[in-house]
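Reading the sequence shown from the start, the letters are residues 5 to 348 in the working numbering. Reviewing the structure listed below.
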Amino acid sequence: MPINKGAKPVDVNNRKVINGGDADVMQLYPMRHTFAWEAYNVGNANHWLPTEISMQRDIEQWKSPTALTADERQAFETVLGFFTTADSIAANNVVLALYKHITSPECRMYLLRQGYEEAVHTHAYQYIVESLGMDESKIFNMYRDVDAIYQKDNLILSLNEGIFDPEFKTGTFENDQKFLENLCVFSLILEGIFFYSSFAVMFGFQRQNKLTGSAEQIQYIMRDESQHLNFGINLINAIKEEQPELWTPEFQQRIIDLVKRAVKLEYTFATEVFPRGIFGMNADGFKQYIEHIADRRLERVALPLQYNVENPFPWMSEAVDLNKEKNFFETRVTEYKTGGTLNW
Ligand code: FE
């Protein structure tokens, strides 16, 4: 696309998340979606790498014939089976679908950061699988072999199909709704619901002092993911503000129905991971936890709550809510914050 030579600087009032006009070269200023710039800076300050975390104790426990029960091993493997491919779906969505249609430069800046973080997460799972000497092909192929994982992945992929189409363009009512639906599916469901029973399983291990290196990896991932989720929700709310005509009652009902479908799939997945319950977390607990999480997501985009249940795993909100979490990340993270003083 040729540069529009001599054109006037962009008017900040014309900046939009989608359909914001000229995207030949993107001018970061004037900046309108400051939430994206803030998220980008938070992401940079939270930089981490999987190889910094010691896996020694996990290796000993995984090799020991007595440290873990058969149920615990199966739960751990199934959760990893979900994780290993889920972040690649997220990465594809960011890079191959969302980025192209977003016309806000600061939102694109954050998507670039997010895409990299999804790669770091896949690296973390690879690092766990390799450190413990697990069967790689079994774990990385689980999305095809384990029906509960297949169903979750398939829901996301089938709903995203439209905006991956090379011919897809925003700018019509129908396509803009399609784009917004994709964003809701990606943020509220994939990043907001489908990761959370797996997170709970990992912190269940951590609370038992088992596989704590892996759990620490996941805690870093969850910190990143809560930023991805926040950003996605801000993006949805910004589009709602910029194009309120898209948010029709029918559309809202469609999103609610999709969230409810996702809750069922996530619950089926949780019961497959823990057929007999584990660490005091049973099927009922998971059901309620997933419903609680789903209501939190609906609430953030001003949709009506569907379940109204208490959080049965209150310790999860401590693990998730990293603003309150003071002690966990401080040491390593500050090393990156002072990265500007590198000595060559
Ligand atoms: Fe993510």
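Ideal Cβ placement from N, Cα and C applies to all residues, glycine included.
- Counting every other CB atom within 10 Å of its CB across the protein chains shown gives A266 a total of 16 or more, marking it as buried.
- Annotation for F80: the continuous alpha helix (DSSP H) segment containing it runs A74 to N96.
- Residue environment: W319 is assigned as exposed (fewer than 16 neighbouring CB atoms within 10 Å of its CB, all protein chains considered).
- Closer than 7 Å to some heavy atom of the ligand FE: that does not describe the Cβ of A101.
- Relative to M206, the option among R258, Y129, R117 and K264 whose CA is nearest is Y129.
- In this structure N238 touches F39 by the C-beta definition: roughly 4 Å separates them, less than 8 Å.
- In this structure, the ligand FE has a non-hydrogen atom nearer than 7 Å to the beta-carbon of A94.
- In this structure A43 touches F235 by the C-beta definition: roughly 5 Å separates them, less than 8 Å.
- M285 carries a strand assignment under DSSP once its states are collapsed to helix, strand and coil.
- In the structure shown, R280 falls within a coil segment according to DSSP collapsed to helix, strand and coil.
- Closer than 7 Å to some heavy atom of the ligand FE: that does not describe the Cβ of H127.
- A residue is called buried once 16 or more other Cβ atoms fall within 10 Å of its Cβ, and S191 is buried on that count.
- The beta carbon of M30 sits closer than 7 Å to the beta carbons of P109 and R112 from its chain, once the five residues preceding and following it are set aside; these are given in chain order.
- Going by C-alpha positions, S141 is about 24 Å away from F209.
- In terms of Cβ geometry, F80 and L250 do not form a close pair [threshold 8 Å].
- For the options V305, A306, G289 and L307, the alpha carbon positioned closest to that of V313 is the one of G289.
- Around the beta carbon of G47, 16 or more other beta carbons lie within 10 angstroms, which makes this residue buried.
- With a cutoff of 7 Å, H232 counts as near the ligand FE, since its C-beta is closer than that to a heavy atom of the ligand.
- Excluding sequence positions up to five before and after N18, its CB lies within less than 7 Å of the CB of G24 and G25, all in the same chain and listed in chain order.
- When secondary structure is reduced to three states using DSSP, V16 falls in the helix class.
- When C-beta atoms of the stretch 218-230 are compared with those of the stretch 173-182, fewer than three pairs fall below 8 Å, so the two segments do not count as touching.
- Distances from the CB of E171 to the heavy atoms of the ligand FE are all 7 Å or more.
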